[in-house]
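Student: Got a structure here, written out as structure tokens. Questions coming.
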Amino acid sequence: MLGQASRRSNICNASARAKARKASLIDSTRMRQLLQTGPESIGASIGELGYRNEMDIYSTRMSGADAVEAALFHNLDNDLSDVMNFCQGPLKSIVAIYVDRFAYEKAKTVLRAVNGGCSDELIESQILPSENPMNAVWLDIVRTTETLHEAASSMAGTPWGKELAKLDDSDATLGEMEDALDRHYYNHALKVSKGRDSNTHLVKYIRTEIDHRNIINQFRELRQNISTEKRLQMVIHGGRLSQSVMTQVSQANSTKEILEALRRSNAFDETGFDEAIEKSDALGSLDPIATLLSHKRHDLLRSFSYLNPVSVFPVIYYIERKVLEIQNLRLLVRGKTIGLTSEVLEAHMDF
Amino acid sequence: MRNLALDIKPTRSELINLKRRIKQTSSGYNLLKMKRDGLFFEFRTLLAEMIKAREELVGTYRDALKSIALASSIEGGLAVKSAAIAATSGPEVMVSRRNIMGVVVPKVDGTNLTTTVETRPTGIIGGSPYIDESADAYSILISKIVKAAEMEATLKRLLEEIEATKRRVNALEFVVIPEMKEAQSFIQLRLEEMEREETFRLKRFKNK
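Take a look at the structure:
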């Protein structure tokens with residue numbers, strides 16, 4: 001997954017393979033049928049859709065939604081590993097942006113486990129299941145390190161190792177390390193996407209992701225009454241929204257003021273925001289805004305994949321569609337188990 | 352009823368003592384009645400607050416369940432657990448004492464009951480609004496549980512004290528004070544009788 005790039009990209013071959021894989025993903029019709037399935041039979045239905053092997057691995061030890069979620073992510077790790085294996089050259093580095101984000105999340109989980117003094121058994125059994133061979137390296141760090149800084153040092157060989165090493169003093173907290181990891185992810189993604197085999201649409205997509213992350217963070221920080229200075233510090237650089245717009249956004253004192261500040265940028269697509277903010281204020285939750293941003297990103301990626309059929313986009317689009325499939329299935333399983341209505345589930349799914 | 356003739360000496364000094372005791376007992380009875388009424392007032396005030404707090408607690412609990420359901424469904428159970436394991440310290444509760452009208456009741460204070468995005472150990476940039484909302488909802492729930500626990504324990508203690516005070520008031524009103532007044536009447540009657548006897552004896556002696 002973090003492999004070295006050879007000299008030439010195999011874009012045509014990789015695009016074709018990605019498109020073939022995408023054809024085997026669950027289509028929107030089948031997903032809508034699953035939405036109507038009861039909680040008792042949804043696990044069996046998911047097993048029939050290509051997840052049987054992984055579900056059999058976890059069914060001996062876990063049950064219910066936990067088992068299904070562990071199986072889904074095990075399947076995802078295997079799939080992403082296959083994708084990385086069939087990509088070569090600079091294409092591999094670009095695809096790694098989308099594959100490695102899960103590695104960043106696992107790195108954060110490991111740092112949290114060590115920082116919180118969590119037992120190895122809990123991590124192995126519930127969060128990074130030992131049945132998944134991709135988790136072995138992470139579990140090893142959890143088992144062999146005692147402090148946050150030891151855990152950070154153990155990640156020296158990773159793309160973010162140097163970033164964590166810069167923080168390797170006695171005062172760096174878990175929060176600072178996690179923020180550093182997130183900044184590194186986006187900076188690295190932009191850098192790689194602008195390198196060889198770069199694609200302007202890919203750069204635009206990553207910059208849009210950065211903007212969306214900044215926007216939702218500003219809304220979160222406003223709700224939590226975080227100071228203006230801190231809100232400005234938390235802005236990730238590199239998005240399409242300019243620094244001056246983000247400065248104004250971080251000074252806004254209400255959701256409507258944030259929206260007014262964002263409207264000053266030509267790069268901001270305001271469609272649907274008025275309604276989302278109204279719903280968000282009424283519910284007292286950022287769910288409508290987060291859902292809107294998620295749908296916008298998926299629509300953008302879908303449009304790019306059609307515009308660039310022989311490029312890195314079909315591979316990235318396949319990865320994102322696979323991740324979306326996993327997220328939709330997880331949402332269905334957990335949501336139905338907990339008792340969320342079909343309307344709520346459908347509103348949060350992307351087809 | 353006690354055999355007053357056997358227990359009480361019908362003398363003037365005894366009558367004076369008894370009158371003093373009746374006065375003291377009546378004064379104590381009035382004070383206990385005031386205490387009973389005061390405690391009952393405090394109880395009713397706190398009961399109204401407690402009923403409201405319980406209703407809010409149930410509502411807050413439902414909101415917290417809903418928020419964690421959404422967080423688990425959208426971000427995943429693994430992400431929620433990953434955020435949970437980051438915590439290095441949990442809420443702490445201290446119980447001390449305070450006084451309401453002479454009744455010792457518990458005072459419950461907590462530290463670290465509520466957390467915010469800034470005080471939580473995880474990073475801000477990569478955080479999830481669903482997990483934030485879930486953590487906030489449970490923070491509020493914990494605070495309300497602590498408050499409700501203090502109120503319930505206080506109510507229980509007040510109720511016990513009201514019952515004990517009521518029993519004492521009733522005992523004084525229906526047993527002790529009536530018995531003392533009866534004894535007072537007995538002594539007064541006996542003293543008058545003795546006085547009449549003495550007067551008659553002197554008259555007879557004079558006439559002889």
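As you go down the protein sequences, you meet chains L and E in turn. For the first sequence, my numbering gives the first residue as 1, with consecutive numbering after it. For the second sequence, my numbering gives the first residue as 352, with consecutive numbering after it. Cβ atoms here follow ideal geometry from the backbone N, Cα and C, with glycine treated the same way.
#1: On the DSSP bridge assignment, give the partners of E/E443 in chain order.
#2: Is L/R213 near the ligand HEM, going by C-beta to nearest heavy atom under 8 Å?
#3: Using CA coordinates, which residue listed in E/R547, E/K532, E/E512, E/A534 is at the minimum distance from E/F391?
#4: State the CB to CB distance for the pair L/D211 and L/G175, rounded to an integer number of angstroms; the pair is presumed to be in contact (CB under 8 Å).
#5: Can you have a look at L/C12 and say buried or exposed, based on whether 16 or more other CB atoms are within 10 angstroms of its CB?
#6: Please confirm whether E/R413 has its beta-carbon closer than 9 Å to some beta-carbon of chain L.
#7: If we define contact as Cβ-Cβ less than 9 Å, is E/S494 a contact residue for chain L?
#8: According to DSSP, is E/P529 part of a helix, a strand, or is it coil?
#9: Within its chain, find whatever has a CB closer than 7 Å to the CB of L/F219; leave out the 5 residues flanking it on each side and keep chain order.
#10: If we cut at 9 Å on Cβ distances, does L/E270 have a partner in chain E?
#11: Quick one, are the C-beta atoms of L/S9 and L/K92 less than 9 Å apart?
#12: What residues are listed by DSSP as bridge partners for E/N450?
#13: Exposed or buried, what is L/R231 when buried is set at 16 or more other beta-carbons lying within 10 Å of its beta-carbon?
#14: Out of E/L542, E/L429, E/R508, which has the shortest C-alpha to C-alpha gap to L/I123?
#15: By how many angstroms is the C-alpha of L/L128 removed from the C-alpha of L/R334?
#16: Strictly below 9 Å CB to CB, what residues from chain E border L/H348?
#17: Which of the three DSSP states, helix, strand or coil, is assigned to L/Q88?
#18: In angstroms with no decimal places, state the Cα-to-Cα distance between L/Q224 and E/V468.
#19: DSSP state of L/E146, grouped into three classes?
#20: Secondary structure at L/N225, three-state DSSP: helix, strand or coil?
#21: Measuring alpha carbon to alpha carbon, tell me which of L/L76, L/P39, L/A70 ends up nearest L/E320.
#22: Under the three-state reduction of DSSP, which class applies to L/G3: helix, strand or coil?
#23: Please identify, using Cβ separations under 7 Å, the residues of the stretch 120-134 of chain L that lie next to chain E, in order along the chain.
#24: When DSSP labels each residue in this structure, what does L/A261 get in the three-state scheme?
#25: In whole angstroms, what is the alpha-carbon distance linking E/D483 and E/S490?
#26: Can E/Y397 and E/L542 be called in contact, C-beta distance under 9 Å?
#27: Starting from the Cα of E/V568, find the closest Cα among E/P361, E/V497, E/L369, E/I493 and give me that residue.
#28: From the DSSP output, in three-state form, read off L/T347 for me.
#29: Spatial neighbours of E/I402 within its chain, please: C-beta separation below 7 Å, excluding the five flanking residues on both sides.
#30: Does the stretch 432-440 of chain E come within contact of the stretch 106-125 of chain L, defined as at least 3 CB pairs closer than 8 Å?
#31: Could you tell me the alpha carbon to alpha carbon distance between E/N558 and E/R547, rounded to whole angstroms?
#32: How should L/Y58 be labelled, buried or exposed, when 16 other C-beta atoms within 10 angstroms of its C-beta is the threshold for buried?
#33: Hey, does E/K384 have any beta-carbon neighbour from chain L nearer than 9 Å?
#34: Look at L/V83 and L/V68 and say whether their C-beta atoms are less than 9 Å apart.
#35: DSSP on E/F394, reduced to helix/strand/coil?
#36: Consider the Cβ of E/T467: report whether some Cβ of chain L lies at a distance smaller than 9 Å.
Tutor: Reading it off the structure:
#1: Within the second sequence, residue 443 of chain E is the residue found at index 92, counting from 1. According to DSSP, which records beta bridges pairwise, E/E443 is partnered with E/T462.
#2: Here there are no bound small molecules, and the ligand HEM is not part of this structure.
#3: If you number the second sequence from 1, residue 391 of chain E lands on position 40. Closest option to E/F391, Cα to Cα, is E/E512.
#4: Residue numbering aside, residue 211 of chain L sits at position 211 when the first sequence is read from its first letter. Residue numbering aside, residue 175 of chain L sits at position 175 when the first sequence is read from its first letter. Contact flag wrong, Cβ pair sits at about 23 Å.
#5: Here the question's residue 12 of chain L lines up with position 12 in the first sequence. With fewer than 16 other Cβ atoms within 10 Å, it is exposed.
#6: Looking up residue 413 of chain E in the second sequence gives position 62. Answer no: the Cβ-Cβ gap between E/R413 and chain L never drops below 9 Å.
#7: In the second sequence, residue 494 of chain E corresponds to position 143, counting from 1. Chain L, which has no Cβ nearer than 9 Å to the Cβ of E/S494, makes this no.
#8: Along the second sequence, one-based indexing puts residue 529 of chain E at 178. The answer is helix: DSSP assigns E/P529 an H, G or I state.
#9: The residue labelled residue 219 of chain L in the question sits at position 219 within the first sequence. Excluding residues within five positions, the ones whose Cβ falls inside 7 Å are T255, I258, L286, I289.
#10: Your numbering for residue 270 of chain L matches position 270 in the first sequence. Not one chain E Cβ lies under 9 Å of L/E270.
#11: Locating residue 9 of chain L in the first sequence gives position 9, where the first residue counts as 1. Locating residue 92 of chain L in the first sequence gives position 92, where the first residue counts as 1. Yes; because the gap between Cβ atoms is below 9 Å, this pair is in contact.
#12: Locating residue 450 of chain E in the second sequence gives position 99, where the first residue counts as 1. DSSP lists E/V455 as partners of E/N450.
#13: Looking up residue 231 of chain L in the first sequence gives position 231. By the 10 Å Cβ count, L/R231 comes out buried.
#14: Residue 123 of chain L sits at position 123 when you count from the first residue of the first sequence. Checked all of E/L542, E/L429, E/R508; the closest Cα to L/I123 is E/L429.
#15: Working through the first sequence from its first residue, we reach residue 334 of chain L at position 334. Working through the first sequence from its first residue, we reach residue 128 of chain L at position 128. Each residue's Cα considered, the two are about 18 Å apart.
#16: Taking the first residue of the first sequence as position 1, residue 348 of chain L is located at position 348. Those are L421, S424, I425, listed as they occur along chain E.
#17: Counted from its first residue, the first sequence places residue 88 of chain L at position 88. Reduced to three states, the DSSP call for L/Q88 is coil.
#18: Numbered from its first residue, the first sequence carries residue 224 of chain L at position 224. Numbered from its first residue, the second sequence carries residue 468 of chain E at position 117. Each residue's Cα considered, the two are about 7 Å apart.
#19: On the first sequence, position 146 is the one that residue 146 of chain L refers to. Reduced to three states, the DSSP call for L/E146 is coil.
#20: What you label residue 225 of chain L is simply residue 225 of the first sequence in a count that begins at 1. Coil, per DSSP.
#21: One-based indexing of the first sequence puts residue 320 of chain L at position 320. Cα-wise, what sits closest to L/E320 is L/L76.
#22: In the first sequence, the residue the question calls residue 3 of chain L occupies position 3. Reliability of the predicted coordinates at L/G3 is poor, the pLDDT of 45 falling under 50, and the value obtained from them is presented with this limitation in mind. L/G3 falls in the coil class under three-state DSSP.
#23: Q126, I127
#24: The residue you call residue 261 of chain L lines up with position 261 of the first sequence. L/A261 falls in the helix class under three-state DSSP.
#25: Here residue 483 of chain E corresponds to residue number 132 of the second sequence, with the count starting at 1. Here residue 490 of chain E corresponds to residue number 139 of the second sequence, with the count starting at 1. Spanning the two alpha carbons is a distance of roughly 10 Å.
#26: Counting from one through the second sequence, the residue named residue 397 of chain E turns up at place 46. Counting from one through the second sequence, the residue named residue 542 of chain E turns up at place 191. First, the residue type needs correcting, since residue 397 of chain E is Leu and not Tyr in the sequence shown. No, the Cβ-Cβ distance between E/L397 and E/L542 is not below 9 Å.
#27: This structure leaves residue 568 of chain E out entirely; chain E is present only between 352 and 559.
#28: Translated into the one-based positions of the first sequence, residue 347 of chain L becomes position 347. Here the sequence assigns Ala to residue 347 of chain L, which means Thr is not the residue at that position. Here L/A347 sits in helix by DSSP.
#29: The residue given as residue 402 of chain E occupies position 51 in the second sequence. If we look at E/I402 and ignore the five residues flanking it on each side, it has no Cβ neighbours.
#30: yes
#31: Walking along the second sequence from the start, residue 558 of chain E turns up at place 207. Walking along the second sequence from the start, residue 547 of chain E turns up at place 196. Roughly 17 Å between the two C-alpha positions.
#32: The count along the first sequence starts at 1 and reaches residue 58 of chain L at position 58. Under this definition L/Y58 is a buried residue.
#33: Position 33 of the second sequence, counting from 1, holds the residue named residue 384 of chain E. False, the Cβ-Cβ gap to chain L never drops below 9 Å.
#34: What you label residue 83 of chain L is simply residue 83 of the first sequence in a count that begins at 1. What you label residue 68 of chain L is simply residue 68 of the first sequence in a count that begins at 1. Contact: no.
#35: Within the second sequence, residue 394 of chain E is the residue found at index 43, counting from 1. Helix at E/F394.
#36: Here the question's residue 467 of chain E lines up with position 116 in the second sequence. True, the Cβ-Cβ gap to chain L drops below 9 Å.
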